[in-house]
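S.K.: First the structure, which I've put down as structure tokens, then a few questions once you've had a look.
If you want it as structure tokens, here you go:
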């Protein structure tokens with residue numbers, strides 16, 4: 001089910017659900033500033049805070 005939100009005044013259709021606080025994240029890979037891959041698994045056993053901002 002998609003939902004319509006506004007980003008910088010423009011309507012954008014999004015899908016999915018908002019995760020609950022404390023829920024487990026699915027495995028993922030990000031790109032670091034030095035262009036190396038960083039995986040969620042690299043932080044196993046540590047507390048993580050994901051703060052993600054869209055970039056236009």
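In full-length UniProt numbering, the protein residues as written are 1 to 56.
Don't be surprised by glycine CBs; every beta carbon is placed ideally from N, CA and C.
These numbers come from a predicted model, not from an experiment.
1) Can you tell me whether DSSP reads residue 26 as helix, strand or coil?
2) Looking at C-alpha atoms only, which residue of 10, 25 and 11 is the closest neighbour of residue 17?
3) Between residue 23 and residue 15, which are expected to be in contact by the criterion C-beta below 8 Å, what is the C-beta distance as a whole number of angstroms?
4) What does DSSP give as the partner residues of residue 53 in its beta bridges?
M.R.: With the structure as the only source:
1) coil
2) Nearest C-alpha to residue 17: 25.
3) That pair is no contact at about 18 Å.
4) Per DSSP, none; premise fails for residue 53.
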